[in-house]
Structure formats: structure tokens, C-alpha cells
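J.: The sequence shown begins at 171 in the numbering used here and counts up by one.
Even glycine gets a Cβ: it sits at the ideal position worked out from N, Cα and C.
Before I ask anything, here is the structure I am working with.
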Amino acid sequence: MVENRAAVALRYADLGEVRRNQRLVQLVSALAAIPSHSLPQAGGTWAATKAACRLWANPTVSAQAIGIWQLMIKKVS
């Protein structure tokens with residue numbers, strides 16, 4: 171259920187590659203499922219934590235690319 175909400179919230183994300191978009195949805199879903207946990211705790215494995223760090227460090231990942239602004243504009247309209 172949380173993953174579905176994340177997918178809907180991030181539907182405007184365009185990180186240049188489908189796998190990056192999917193990783194973003196997985197990451198946000200994991201963090202939203204247990205918001206009190208840290209990234210390593212929410213990810214569950216070292217590989218998931220490392221993948222999340224690589225995603226955030228990628229220059230194509232930005233608020234504009236994620237589509238946060240488009241979502242906010244839609245909600246205000």
C-alpha cells in the first residue's frame with residue numbers, strides 16, 4: 171500500500187532511466203513505511219543503503235527531476 175502511494179506521488183519523476191525511477195519509489199516506500207528508522211534500518215541491507223546513497227548522489231536526481239514541483243502545483247490548482 172505504501173509503495174502504491176509512493177508510485178502515485180512520484181508519477182512525475184523523470185530521472186532519465188526507468189530503473190532510477192523504480193529505485194526512487196522503492197526508497198521512498200521503505201522510508202515511508204517506517205519513518206522513525208534511519209536509511210540503513212529502512213533499507214534493511216547494506217546493498218539497499220548503498221543503492222540509495224548512489225541514487226541521491228546521481229546528478230540527474232533533483233527536486234525538478236523528481237517532479238515535486240509539478241505535484242505541488244497540481245495540488246494548489
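Rounded to whole angstroms, what is the Cα-Cα separation between residue 177 and residue 185?
T.: Near 14 Å, if we compare the C-alpha coordinates of residue 185 and residue 177.
J.: Looking at residue 183 and residue 174, is the spacing between their C-beta atoms short of 8 Å?
T.: Their beta carbons are not under 8 Å apart, which means residue 174 does not touch residue 183 by this criterion.
J.: Kindly list the residues whose CB is nearer than 8 Å to the CB of residue 231, restricted to its own chain and excluding five residues on each side of it in sequence; keep chain order.
T.: Once the five neighbours on either side are set aside, the close Cβ partners of residue 231 are 185, 190, 194 and 225.
J.: Leaving aside the five residues before and after residue 216 along the sequence, list all residues of the same chain whose C-beta is less than 8 Å from its C-beta, in chain order.
T.: So the qualifying residues of the chain are 210.
J.: Report yes if the C-beta distance between residue 222 and residue 213 is below 8 Å; otherwise report no.
T.: Taking 8 Å as the Cβ cut-off, residue 222 and residue 213 qualify as a contacting pair.
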